[in-house]
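Asks: These protein sequences, in sequence, are chains A and B.
Whatever position you read off the first sequence (first residue = 1), add 6 for our numbering.
Whatever position you read off the second sequence (first residue = 1), add 1169 for our numbering.
A virtual CB, placed ideally from N, CA and C, is assigned to each residue, including glycine.
All of these numbers come straight from a predicted model, not from anything done at the bench.
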Amino acid sequence: MPLVELAAIWKSFGQNPVLKGIDLTVEEGQVIAMIGRSGSGKSTLLRSINGLERIDDGTILIDGEKIGSKDADLRTLRLQVGMVFQQFNLFPHLSARENVMLAPMVVKKASRKAAGALADAMLAKVGLSDRAGHYPDQLSGGQQQRVAIARSLAMEPRVLLCDEVTSALDPELVNEVLAVVRQLAKEGMTLIMVTHEMRFAREVCDKLVFMHQGRIHEEGSPAELFSAPKTPELAQFIGLVEAAG
Amino acid sequence: MFDISLWDIVRNLLLAARWTVLLSLVAFICGGIAGLAVLFARVSAFPWLRRAMGWYIELFQGTPLLMQLFLCFFGLSLVGIELSPWEAAALSLTLFASAFLGEIWRGCVEAVPKGQWEASSALAMGYFQQMRYVVLPQAMRLAVAPTVGFSVQLIKGTAVTSIIGFIELTKAGTMITNATFRPFTVYGLVAVFYFCLCYPLSLLARRLERKLHAAR
């Protein structure tokens, strides 16, 4: 049974349809990258998977269970699905360690001690043990993003959604974040990411999904898609990206 | 005729100023609690509640405090609820403060970036958890300066309660003037008293504003 199953997902912003019948399955342990131009619907699709965007039609199954749109359902869903954002969105009034501790304590009712130990373990995992007491505005962008990853991992999600996690970073900080993501992939974490880092996508992904005008235009292994794109749109997109990179 | 010294005037004004301070405190604290309810209604998920509370705020922001006071004092007695001047003053200032504080705080809550809501949602936090642990702590930083600033308005607002016979600073000033025929001295002193109450708060508001904004 696939871990995430999307069937016939439709979504419009006002009159403007952005997702036009998306079907996608993700197996446990798979690493999936969604690529495509801006406006192709890839971020909206990712945000639909954990209910940050409400879909107009279609079904989302996590581990075989259907997710409704009620708040309680959404919270059950979000316990399974973590998310890391382009803009980090760390809580500025809390230290790095407190950022990681908050949700386990508030949502899962973990004791302060247990949450603290968990936070220390997660910060160690992203290589930031020495920054635990720092506040977000005392950290570099790359460090903030790694704290954000630790914060998501502390909830022990089964899937982690990554929404352009390196796009807001200065170029020299991109690699430290990608290294953490790469490590997660190696450990068998199920990852769905929207990314512009083509080389990284090619290297770590099991499956590549090319979105175009609200539909999945092409999907397959990175090797297939990069070496022999079947559609002119993908060929052009890859050409554009490679010319730019 | 017996003589009323300057010290007598000051002493009586001082005694009356206690009521101004007490009324301000009661209105600020009760208004703050009610203002929290207004805030939660204004940012709630129910459109009808938001709209109803919008009208409540319009009502209190769009009419003079004096009219609100008259309605509390004279209006309620028409329907059989007799309030003493003190009760009417406390009630109307509480309602007045709740409308203004609720709206000030709504602005502060809405100034917290959307990403904070999204990140806490993605961590499976519920609405009240998000408010309690993520949004309100950040909104409070923004709210401190305008809230202190509003308390100055509130202290000056207590002066209108003299109209319904509540004896606070302004009313005491009027009474002393009637006995001494020295309006300039007496009202001058009344003004100094208000200034001494308000100026420190204004200074505090300005300092807090600088400090809390520089920190972010």
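What residue range does the alpha helix (DSSP H) around Ser-1313(B) cover?
Replies: Translated into the one-based positions of the second sequence, residue 1313(B) becomes position 144. Per the sequence shown, the amino acid found at residue 1313(B) is Val instead of Ser. It spans 1305-1326 - the alpha helix (DSSP H) in which Val-1313(B) sits, taken as one unbroken run.
Asks: According to DSSP, is Asn-95(A) helix, strand or coil?
Replies: Indexing the first sequence from 1 puts residue 95(A) at position 89. The answer is coil: DSSP assigns Asn-95(A) none of H, G, I, E or B.
Asks: Less than 8 Å between CB atoms is the rule here; does Ser-1246(B) satisfy it with respect to chain A?
Replies: Taking the second sequence and counting its residues from 1, the one referred to as residue 1246(B) is at position 77. Interface flag for Ser-1246(B) against chain A is unset, since no Cβ pair is found closer than 8 Å.
Asks: Answer with yes or no whether the minimum CB distance from Met-1294(B) to chain A is below 8 Å.
Replies: Counting from one through the second sequence, the residue named residue 1294(B) turns up at place 125. Yes, contact with chain A.
Asks: Output the boundary residues of the alpha helix (DSSP H) element that contains Leu-145(A).
Replies: The residue labelled residue 145(A) in the question sits at position 139 within the first sequence. Careful: Leu-145(A) lies outside any alpha helix (DSSP H) and carries neither H nor E.
Asks: Cβ closer than 7 Å: which chain A residues qualify as neighbours of Ala-1288(B)?
Replies: Within the second sequence, residue 1288(B) is the residue found at index 119, counting from 1. Near Ala-1288(B) (Cβ distances below 7 Å), the residues of chain A are Phe-91 and Asn-95.
Asks: Whose Cβ in chain A lies nearer than 8 Å to the Cβ of Gln-1298(B)?
Replies: Taking the first residue of the second sequence as 1, we reach residue 1298(B) at position 129. What Gln-1298(B) touches in chain A: Val-112 and Val-113.
Asks: Gln-1285(B) CB to nearest chain A CB: under 8 Å?
Replies: Against the second sequence, residue 1285(B) aligns to sequence position 116. For Gln-1285(B), the answer is yes, since a Cβ of chain A falls inside 8 Å of its Cβ.
Asks: Go ahead and label Leu-1175(B) buried or exposed: buried means 16 or more other beta carbons lie within 10 angstroms of its beta carbon, across all protein chains shown.
Replies: Locating residue 1175(B) in the second sequence gives position 6, counting from the first residue. Around the beta carbon of Leu-1175(B), fewer than 16 other beta carbons sit within 10 angstroms, so the residue counts as exposed.
Asks: How far does the beta strand (DSSP E) with Val-1329(B) in it reach, from first residue to last?
Replies: Reading the second sequence from its first residue, position 160 is the one you call residue 1329(B). No residue range can be given for Val-1329(B), since it is assigned to no beta strand (DSSP E) and is classified by DSSP as neither H nor E.
Asks: With DSSP run on the structure shown, which of helix, strand or coil describes Thr-201(A)?
Replies: Along the first sequence, read from residue 1 onward, the residue named residue 201(A) stands at position 195. Correct three-state label for Thr-201(A): coil.
Asks: Identify every residue that forms a DSSP beta bridge with Asp-301(A).
Replies: Any question about residue 301(A) goes unanswered here, given that chain A covers just 7 to 251.
Asks: Taking just the CA atoms, how far does Thr-1263(B) sit from Gly-1223(B)?
Replies: As a position in the second sequence, residue 1223(B) is number 54, starting the count at 1. As a position in the second sequence, residue 1263(B) is number 94, starting the count at 1. Roughly 17 Å between the two C-alpha positions.
Asks: Might you give, ordered along the chain, the residues of its own chain that have their beta carbon closer than 6 Å to the beta carbon of Cys-1367(B), omitting 5 neighbours on each side?
Replies: As a position in the second sequence, residue 1367(B) is number 198, starting the count at 1. So the list reads Val-1321 and Ile-1324, once near-sequence residues are dropped.
Asks: Can you tell me which of Lys-1380(B), Leu-1370(B), Ala-1360(B) and Gln-1299(B) puts its alpha carbon nearest to the alpha carbon of Ser-1213(B)?
Replies: Residue 1213(B) sits at position 44 when you count from the first residue of the second sequence. If we check each option's Cα against that of Ser-1213(B), Gln-1299(B) comes out closest.
Asks: Could you check whether the Cβ of Arg-84(A) sits closer than 8 Å to any Cβ belonging to chain B?
Replies: Here residue 84(A) refers to the residue found at position 78 when the first sequence is read from its first residue. Proximity of Arg-84(A) to chain B, defined by a Cβ-Cβ separation below 8 Å, is satisfied.
Asks: Just to confirm my understanding: we take Ile-155(A), look at its own chain, exclude 5 residues before and 5 after, and list those with CB closer than 7 Å. What are they?
Replies: Indexing the first sequence from 1 puts residue 155(A) at position 149. Closer than 7 Å at Cβ, skipping near neighbours: Val-90, Val-132 and Val-186.
Asks: With DSSP collapsed to three states, give me the class of Met-1170(B).
Replies: Here residue 1170(B) is taken as the residue at index 1 of the second sequence, counted from 1. For Met-1170(B), the predicted structure reports a pLDDT of 47, less than 50, and the residue's modelled location is therefore unreliable. A value from the coordinates is still provided. In the structure shown, the three-state DSSP call for Met-1170(B) is coil.
Asks: At 9 Å on the CB atoms, spell out the chain A contacts of Gln-1307(B), in chain order.
Replies: Along the second sequence, read from residue 1 onward, the residue named residue 1307(B) stands at position 138. In chain order: Phe-97, Pro-98 and His-99.
Asks: If contacts are defined as beta-carbon pairs under 8 Å, then Glu-225(A) and Lys-213(A) qualify, I think. What distance do you get, rounded to the angstrom?
Replies: Start at 1 with the first residue of the first sequence, and residue 225(A) comes out as number 219. Start at 1 with the first residue of the first sequence, and residue 213(A) comes out as number 207. Your pair Glu-225(A) and Lys-213(A) checks out as a contact, with CB atoms roughly 6 Å apart and the cut at 8 Å.
Asks: Roughly how many whole angstroms lie between the Cα atoms of Leu-1183(B) and Thr-1354(B)?
Replies: For the purposes of this step, residue 1183(B) is taken as the residue at position 14 of the second sequence. For the purposes of this step, residue 1354(B) is taken as the residue at position 185 of the second sequence. Taking the straight line joining both Cα atoms gives about 15 Å.
Asks: Between Val-32(A), Arg-103(A), Arg-84(A) and Ile-66(A), which lies nearest to Ala-14(A) when the distance is taken from Cα to Cα?
Replies: Here residue 14(A) refers to the residue found at position 8 of the first sequence. Of the listed residues, the one whose Cα sits closest to Ala-14(A) is Ile-66(A).
Asks: Using a Cβ-Cβ cut-off of 8 Å, state whether Leu-108(A) counts as contacting chain B.
Replies: By 1-based counting over the first sequence, the position of residue 108(A) is 102. Chain B contact via Cβ: present.
Asks: For the putative contact between Met-128(A) and Leu-166(A), defined by C-beta atoms under 8 Å, what is the C-beta separation to the nearest angstrom?
Replies: Position 122 of the first sequence, counted from the start, is the residue given in the question as residue 128(A). Position 160 of the first sequence, counted from the start, is the residue given in the question as residue 166(A). Incorrect: roughly 13 Å between the Cβ atoms, too far for contact.
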